[in-house]
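For what it's worth, full-length UniProt numbering labels the leading residue of the sequence shown as 1, then goes sequentially.
See structure below.
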Amino acid sequence: MDPFERFNDIQFWNRYRLSKEAVRFVIGLVEERLSSQAGHEKDVSSALQVLIALRFYAKGCYQTELGDLHGVSQPTVSRIVAKVSKAIAAHLPHFVHFPDIMEALKMEFYNIAGFPQVIGCIDCTHIRIKCPNQERAKLYINRKGFYSINVQVVCDAQRRILDIVARWRGSAHDSRIWNSSRLKEEFEPQTDTQNRYNWAHIRTRLTVERCFGEWKGMFRALQNNMQINLKTAKVAIITMAILFNIRKQFNNFEYEIDDEENQSDEEQPAVVPHATERPGAAFRLDFAQRHFN
1 MDPFERFNDI QFWNRYRLSK EAVRFVIGLV EERLSSQAGH EKDVSSALQV
51 LIALRFYAKG CYQTELGDLH GVSQPTVSRI VAKVSKAIAA HLPHFVHFPD
101 IMEALKMEFY NIAGFPQVIG CIDCTHIRIK CPNQERAKLY INRKGFYSIN
151 VQVVCDAQRR ILDIVARWRG SAHDSRIWNS SRLKEEFEPQ TDTQNRYNWA
201 HIRTRLTVER CFGEWKGMFR ALQNNMQINL KTAKVAIITM AILFNIRKQF
251 NNFEYEIDDE ENQSDEEQPA VVPHATERPG AAFRLDFAQR HFN
């Protein structure tokens, strides 16, 4: 029976973590690409492929169990998760980006704690993966002793994801990821005063930590060991960031999800100031000199 007909809104959301309207939107987003790459899945509709992938993201369940629930084999589930992840991830620039006009972002952050000229909170979080099948697998073991990808995220005050980097091994230090990111060149502080200003914001980075908690609560696959290969896992993480933002775009209703506290291993500058606006930069510098000198 069609899940759209079988389940009411709450039951559907609990299983797929998106509203029916949002899932239909996602299906429309990737249907053409999935149909053109049918392959072994030619007998599985694009809609069912999307639902299978969403169920995997939402619950992080084993692929055999997932296949049994939807009437397909475990290898088919594996291929579907990889295909749907790639199809959705191809739309990353449309759903995960900074807005052209920053004033609304600044005002939303200012309303939190009175800090001016803030356009984003940044932090890293470890996403569990199974042991990579490669010679340098040990490099994916993080400081807590499990295999992971260390993912850097920037979010806004509403916990929408604005930027994501999901390619670093679990052993990579947060600072290395930041120093290698394209954002560093745009937003790197220039003086000790500005550094103290940024480090003070670390203590108020609740926004990005709540973003991680909400994101991982929505998609259990981000908390469990994803039983998929490393390449697909990296793409799936990007896909779940896109779906997280789509869920907010289609925020007709929300249901309570279990929120698991997320703690980063390393502290990083939690606030990204807009460095290109001279009046704003001057105001920020004056604020930093008065409060953090």
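For every residue, glycine included, the Cβ atom is placed at its ideal position computed from N, Cα and C.
Under 8 Å: do the region 239-252 and the region 22-30 share three or more Cβ pairs, one atom per stretch? yes
Within 10 Å of its beta-carbon, does Asp258 have 16 or more other beta-carbons around it, so buried, or fewer, so exposed? The residue given as residue 258 occupies position 258 in the sequence shown. Its pLDDT being 44, under 50, Asp258 is placed unreliably by the model, and nothing is read from it.
Given a threshold of 16 other Cβ atoms within 10 Å of its Cβ, counted over all protein chains shown, does Glu41 qualify as buried or as exposed? Sequence index remark: in the sequence shown, residue 41 carries index 41 (1-based). It counts as buried.
Straight-line CA distance for Gly217 to Ile122? Sequence index remark: in the sequence shown, residue 217 carries index 217 (1-based). Sequence index remark: in the sequence shown, residue 122 carries index 122 (1-based). Using only the alpha carbons, I get a separation of about 19 Å.
Quick one: using the 10 Å Cβ neighbour count with 16 as the cut-off for buried, is Gln63 buried or exposed? As a working note, residue 63 is residue 63 in the sequence shown. By the 10 Å Cβ count, Gln63 comes out buried.
Helix, strand or coil for Ala172? Go by DSSP, reduced to three states. Position 172 of the sequence shown, counted from the first residue, corresponds to residue 172. The answer is coil: DSSP assigns Ala172 none of H, G, I, E or B.
What three-state label does DSSP hand Tyr62 in the structure shown? The residue you call residue 62 lines up with position 62 of the sequence shown. If DSSP states are grouped into helix, strand and coil, Tyr62 belongs with coil.
Beta carbon of Ile237 nearer than 8 Å to that of Val151: Here residue 237 refers to the residue found at position 237 when the sequence shown is read from its first residue. Here residue 151 refers to the residue found at position 151 when the sequence shown is read from its first residue. Yes, the Cβ-Cβ distance between Ile237 and Val151 is below 8 Å.
Rounded straight-line distance, which links the Cα of Leu29 to that of Leu69: What you label residue 69 is simply residue 69 of the sequence shown in a count that begins at 1. What you label residue 29 is simply residue 29 of the sequence shown in a count that begins at 1. Approximately 24 Å, taken between the alpha carbons.
What residue from Asp174, Leu162, Ala90 and Arg143 has the CA that sits closest to Lys234's CA? Sequence index remark: in the sequence shown, residue 234 carries index 234 (1-based). With distances taken between Cα atoms, Lys234 lies closest to Ala90.
Please report the residue range of the beta strand (DSSP E) in which Ser148 lies. Residue 148 sits at position 148 when you count from the first residue of the sequence shown. Taken as a continuous stretch (DSSP letters only), the beta strand (DSSP E) holding Ser148 covers Ser148 to Cys155.
Would Leu54 and Arg17 qualify as a contact pair, given that the criterion is a beta-carbon distance under 8 Å? Here residue 54 refers to the residue found at position 54 of the sequence shown. Here residue 17 refers to the residue found at position 17 of the sequence shown. Yes. Within cutoff.
Could you spell out the range, first to last residue, of the beta strand (DSSP E) harbouring Cys211? Here residue 211 corresponds to residue number 211 of the sequence shown, with the count starting at 1. Segment Leu206 to Met218 is the alpha helix (DSSP H) holding Cys211; no beta strand (DSSP E) there.
Which of helix, strand or coil does DSSP assign to Ile246? Locating residue 246 in the sequence shown gives position 246, where the first residue counts as 1. Helix.
Measuring alpha carbon to alpha carbon, tell me which residue in Asp192, Val154 and Arg160 is nearest Lys184. As a first step, residue 184 is located in the sequence shown; it is residue number 184 there, counting from the start. If we check each option's Cα against that of Lys184, Val154 comes out closest.
Could you please give me the residues that DSSP links to Cys124 through a beta bridge? Here residue 124 refers to the residue found at position 124 of the sequence shown. Paired residue(s): Gln152.
Continuous alpha helix (DSSP H) stretch holding Gly28: start and end: One-based indexing of the sequence shown puts residue 28 at position 28. Where Gly28 is concerned, the enclosing alpha helix (DSSP H) stretches over Lys20 to Ser36.
8 Å contact criterion, which Lys130 and Tyr110 should meet: CB distance rounded: By 1-based counting over the sequence shown, the position of residue 130 is 130. By 1-based counting over the sequence shown, the position of residue 110 is 110. Actually they do not touch by this definition, with Cβ atoms about 43 Å apart.
Counting C-beta neighbours from all protein chains within 10 Å, is the total for Met226 16 or more, i.e. buried, or is it exposed? Here residue 226 is taken as the residue at index 226 of the sequence shown, counted from 1. So Met226 counts as buried.
Quick check on the DSSP output: the alpha helix (DSSP H) that includes Asp9 runs from which residue to which? Locating residue 9 in the sequence shown gives position 9, counting from the first residue. Asp9 to Tyr16 is the span of the alpha helix (DSSP H), which, as asked, contains Asp9.
DSSP state of Met240 mapped onto helix, strand, coil: Residue mapping note: residue 240 aligns to position 240 of the sequence shown, counting from 1. Helix.
Residue burial classification, His94 (beta-carbon count within 10 angstroms, cutoff 16): Walking along the sequence shown from the start, residue 94 turns up at place 94. Classification of His94: exposed, given that the 10 Å Cβ count is below 16.
Any chance you could list the alpha helix (DSSP H) runs of at least 4 consecutive residues sitting entirely within the region 42-114, in chain order? 46-59, 63-70, 74-89, 92-95 and 103-113
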